[in-house]
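Encoded as C-alpha cells, the structure appears first; notes follow it.
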Amino acid sequence: MNSDKIKKMVLRSSVVIAAILGFYFFKPAPAQVPVNDKEALILQGLMQTIEYVHFGPQKTDDSFSKTVYKTYLERIDNQKRFLTKADVDKLKKYELLVDDQVNARSFEFFNTSLPLLDSGIKKAEGYFREIIDSPMKFDKSSPIETDEEKREYAADDKQLKEQWRDMLQFEIMNKWVQSMEDQKEKAKDSKETVKTDEELKAEAIKDVKKRFSDWFDRLAKLRRSDRMEVYLGSIANYFDPHTDYFSPKEKEDFDINMGNKLEGIGARLQTEGDYTKIYSIVVGGPAWKTKKLEENDVILKVAQEGKEPVDIAGMRVDDVVQLVRGKKGTVVILTVRKKDNSVTEISIERDEVQLEDSKAKSVILSLPGKIQNIGYINLPKFYSSFESDGGNSCAVDVAEEVKKLREQNVNGIILDLRNNSGGSLNDVVDMSGLFIEEGPIVQVKGREERPYLHMDKDKNVMYNGPLIIMVNQFSASASEIIAAAMQDYNRAIIVGSKSTFGKGTVQRFYDLDRGIRGYDEFKPLGNVKVTVQKFYRVNGGSTQLKGVEPDIVLPDTYYYIKTGESEYDNPLAWTEIAPVKYHQNVVRLDHKSKLIENSKKRVEASKDFQLVLESAAKIKENRDQTKFPLKLNDYRAMINKKDEESKKYEKLFKNEISGLEITNLGVDLKKINMDEANQTKNNEFIKELKKDIYLEETLNIMKDMINLEESFVYLQPKISGQK
218 MNSDKIKKMV LRSSVVIAAI LGFYFFKPAP AQVPVNDKEA LILQGLMQTI
268 EYVHFGPQKT DDSFSKTVYK TYLERIDNQK RFLTKADVDK LKKYELLVDD
318 QVNARSFEFF NTSLPLLDSG IKKAEGYFRE IIDSPMKFDK SSPIETDEEK
368 REYAADDKQL KEQWRDMLQF EIMNKWVQSM EDQKEKAKDS KETVKTDEEL
418 KAEAIKDVKK RFSDWFDRLA KLRRSDRMEV YLGSIANYFD PHTDYFSPKE
468 KEDFDINMGN KLEGIGARLQ TEGDYTKIYS IVVGGPAWKT KKLEENDVIL
518 KVAQEGKEPV DIAGMRVDDV VQLVRGKKGT VVILTVRKKD NSVTEISIER
568 DEVQLEDSKA KSVILSLPGK IQNIGYINLP KFYSSFESDG GNSCAVDVAE
618 EVKKLREQNV NGIILDLRNN SGGSLNDVVD MSGLFIEEGP IVQVKGREER
668 PYLHMDKDKN VMYNGPLIIM VNQFSASASE IIAAAMQDYN RAIIVGSKST
718 FGKGTVQRFY DLDRGIRGYD EFKPLGNVKV TVQKFYRVNG GSTQLKGVEP
768 DIVLPDTYYY IKTGESEYDN PLAWTEIAPV KYHQNVVRLD HKSKLIENSK
818 KRVEASKDFQ LVLESAAKIK ENRDQTKFPL KLNDYRAMIN KKDEESKKYE
868 KLFKNEISGL EITNLGVDLK KINMDEANQT KNNEFIKELK KDIYLEETLN
918 IMKDMINLEE SFVYLQPKIS GQK
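Going left to right, the sequence shown walks through residues 218 to 940 as this note's numbering numbers them.
Right, dumping it as C-alpha cells:
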C-alpha cells in the first residue's frame, strides 16, 4: 500500500526515463564542513545532490531560510495545537539563519525547536486530560475556526487552553450530533434499542477521549529521526514539491508500493501533516470497487470490523499501513475527510490486488439511433517492465487493443486517460506513434542540456480513424504528454475537465550510500528524489503548471476548486523553449469550433451536467466554510440543512445512460469467463461505464466528429445506417 492528484496524488510518483545513470561520488569537504555525525552527512548528501543534478537549484540564502523556517513550523504543528506565540518568538531569531546553518551542516534551529515542541505537546496533553473530564456546555456564541492558516498562534498558555477547550467540544459535538442523526434512523426499526441524547453524549466523550489519548501516546513515541525527516523534507521541498528525502524505511515502502502485487484495500497512502492521505487508488482493487474512497481523502480513523476505531493522527505511515492491511476477506473501516470537508465512514473488504487490474482493456460502445460500434480503451496507468520482473508494456498492450478494435471495424476510438497519473516515458512515445506516421512526441530538457527529442520513428500508422482522448484534472505526466502531442498534431480531440494536472517534470532517485564514499559507520543514509528534467511539448510549451487544456471542457464536481501542480508549494514555473517541426497527414480536423459549440449546447441542456455544476458550487461552498458554530442547536441545524441539501445530488452518477450498449470483444470473453473474479471485475467495469455521463457526451462528440470532418466521410453510411 502506499492523490488537489491526488495534496498529492502524484507527489511521490514520477515519469521514469529508461536510462541507467552512472554512479555519482563526492567526498564531504572536511576542511570546510566537519562531518561528525550521521545527520550532518545526510544533510550534506542532500544538499550536494540537489546542487549537482536538480533542474533549477536555488541559492541557499535568506529567501531559502524564510521558506524552510515557515514550512518546518507548519509541519511540526500544522494545527497550532502545541506552540504559543511566545514559543514561536523564541524560534523567530532563526528565520534568517537557517541558510547559514544548512551551509555549515549544523542544526541549531532544529535542535532548539525540539524541546519547545516536546514541552508544547506535554502541555497540550495536560489541557486535554483536564478538559475532557470536566463538565461541558455546548452554548458558546462565537464559532470555531477550523482552518489552521486562518488561525493565529495562541498568545499565551491561557488562550491555548481555551483553544483546546473549543476544539474538544467541537470534536465531541460533531460525534454527538452524528450519533443523534443515526439514532433517528434506528428509531424507525422497533427492534433497535433507542438511546437517550445524554447516553449518546457520554459515548461521544468516551470516543473522543480514546482517540486523543491514543494520539498523544503515539506522539510520545516519535523519535528524533522522525522529526529530522520532517526537517530534511522541508529543506528539500524548497526546491520543488517533488524533490524530497527518503529514509531507508521510506524508500523500502516506496519500492513495495510500486510493486507488482498489492495486498489490502488497493490504495497507496502518504503522510501529510498530522494525517495520512490517499495518494492513489489501484484500479480494480477493493477501494476502487467501492467508488467511495478517492485520491486526496484524509484518513482520520481506522477500525477493524467489530472493534473500536483508532485515531491515526500523528501516526507514521507505515503504522497506518499495518492497520489498513489485513487478511483477504476481512473488513477495514476508514473514517475519512473528503475534499468538501465532510466526514464519512467507508467499509472495505480486503483482497489481493494484482497489476492486471491496471492493464489496458477495451470494449465496444453503441448508442442505438445515434452512433454505433465505437471502440473504447481504458488505460489506468502507463505501466512498463521497469516496475517489476515480468512486467508488461502498456504501449504494446494498447497496440493490441487497437488491433482488436480495428478488426471489429470500429467507427472511432476513445482512449480514456482519466485519473491516469503517468508512468513510462518510452511507452507514451511508442503509444503516440500508433496514431501518426512519425515525428517528435515530446522534448525533455535538463537544466543545462539541449532539449532531447523523443521521436516516433515507426512510419506505420496502426489506426487512422477518429480519435478522442478523455482526461481530467488528475491526468498527469505521461497522460499529459500524449494528450499534448495529439492536440499539437491536430490528430485527436481532447475532452475533459478544465485542465490536466500540470506535472511536467522528471524525478530520479539517488542513493546516498552509493554516492558518498566512506563513512560506512553511518550507513544506510537513505535516498534523495530529485527533479532533474522538464517536459516540453513539440510546440515549445511546457505541461508544467498549466497542464493540457482540453479542446472540449466538460464540467465536473471539482469545477470551481483549484487542483493540480499549481496548488503545491514551490512548484517549478511554466517555461517554454523553441518549437520543433512536426506534422501529420493521417487526418485533418477542421471543425473543432463546431464540435465545441455543439457540445456546449448539449451540456447546457443536460439536467445531469447542470446538476454537476450545482454540486460543484456546493462542494466549493462547503470547502470554503471553515468556521462552525459551537452551540449544539445551531450546529445540529447546520448539519441537518447540509444533509437535506445533499439529497438533491444523491443519484448523480448513479443512473445508467439510456440506451448505452457496452459489449466485450469476443476474443476477450474466454479470459473474462475463466473465473468468477474476472467476471466480477468485468461486470463492475461495465456497470460503472453505463453510468458515465462523460462517456455519453464523448460519444456525442464522436458522432459530430465523424459527420463533420471530411477525413471520416467514409464512415458516414455506418453512422447514419445507410447502405
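C-beta atoms are modelled at their ideal positions from N, C-alpha and C, and glycine is treated no differently.
- For the segment 632 to 690, the continuous beta strand (DSSP E) assignments of 3+ residues that do not extend past its boundaries occur at 656 to 662, 669 to 673, 684 to 688, in sequence order.
- The continuous beta strand (DSSP E) containing residue 360 extends over residues 356 to 362.
- Using a Cβ-Cβ distance cut-off of 8 Å, the segment 708 to 723 and the segment 777 to 789 are in contact, since at least three pairs of beta carbons, one from each stretch, lie closer than that value.
- If you check the CB distance, residue 393 and residue 418 come in under 8 Å.
- Bounds of the beta strand (DSSP E) holding residue 592 are 588 to 595.
- Between residue 921 and the set 547, 808, 263, the nearest pair of CA atoms involves 808.
- In the three-state DSSP reduction, residue 292 falls in the helix class (H, G or I).
- By the Cβ neighbour-count rule, residue 352 is exposed, with fewer than 16 other Cβ atoms within 10 Å of its own.
- The alpha-carbon separation between residue 440 and residue 511 amounts to approximately 31 Å.
- When DSSP states are grouped into helix, strand and coil, residue 890 belongs to the coil group.
- Contact annotation: residue 292 and residue 451 have beta-carbon atoms nearer than 8 Å.
- If you draw a straight line from the Cα of residue 598 to the Cα of residue 502, it is about 14 Å long.
- Ranked by how close their Cα comes to the Cα of residue 749, the residues 850, 268, 641, 777 have 268 in first place.
- Here residue 866 is near residue 828, since their CB atoms are less than 8 Å apart.
- For residue 751, the enclosing beta strand (DSSP E) covers residues 744 to 753.
- The continuous alpha helix (DSSP H) containing residue 812 extends over residues 809 to 822.
- Per DSSP, reduced to three states, the secondary structure at residue 732 is helical.
- Setting aside the 5 residues that flank it on each side, residue 411 is surrounded in the same chain by 400, 403, 404, each with a C-beta closer than 8 Å to its C-beta; the list follows chain order.
- Ranked by how close their Cα comes to the Cα of residue 612, the residues 872, 737, 497, 647 have 647 in first place.
- By alpha-carbon distance to residue 396, the top candidate from 880, 853, 892, 779 is 853.
- Taking residue 339 as reference, the option from 374, 320, 765 with the minimal CA-CA separation is 374.
- One thing to note: residue 685 has its Cβ within 8 Å of the Cβ of residue 631.
- When rounded, the separation of the alpha-carbon atoms in residue 621 and residue 669 is 34 Å.
- The segment 878 to 893 and the segment 556 to 563 do not touch, with fewer than three beta-carbon pairs separated by less than 8 Å.
- If only complete runs of 4 or more residues are kept, the segment 379 to 457 shows the alpha helix (DSSP H) at 414 to 437, 441 to 453, in order along the chain.
- For residue 485, DSSP records a beta bridge to 497.
- Cβ neighbours of residue 431 within its own chain (closer than 8 Å, five residues either side excluded): 527, 528.
- Annotation: the segment 299 to 346 contains the following complete segments of the alpha helix (DSSP H) (minimum length 4 residues), in chain order: 302 to 309, 315 to 320.
- Residue 636 has its alpha-carbon roughly 9 Å from the corresponding atom of residue 497.
- The shortest C-alpha to C-alpha distance from residue 837 to any of 534, 623, 557, 875 is the one to 557.
- Assignment of beta strand (DSSP E) within the segment 862 to 914, counting only whole runs of 3 or more residues, yields 878 to 881 in chain order.
- By the Cβ criterion, the segment 791 to 801 is not in contact with the segment 724 to 744, since fewer than three pairs of Cβ atoms, one from each stretch, lie closer than 8 Å.
- As DSSP reads the structure, residue 285 sits in no beta bridge.
- 8 Å or more divides the Cβ of residue 589 from the Cβ of residue 643.
- In the same chain as residue 655, and ignoring 5 residues on each side of it, the C-beta atoms closer than 8 Å to its own belong to 672, 673, 674, 675, 676, in chain order.
- Distance from the CA of residue 682 to the CA of residue 575, rounded to the nearest whole angstrom, comes to 26 Å.
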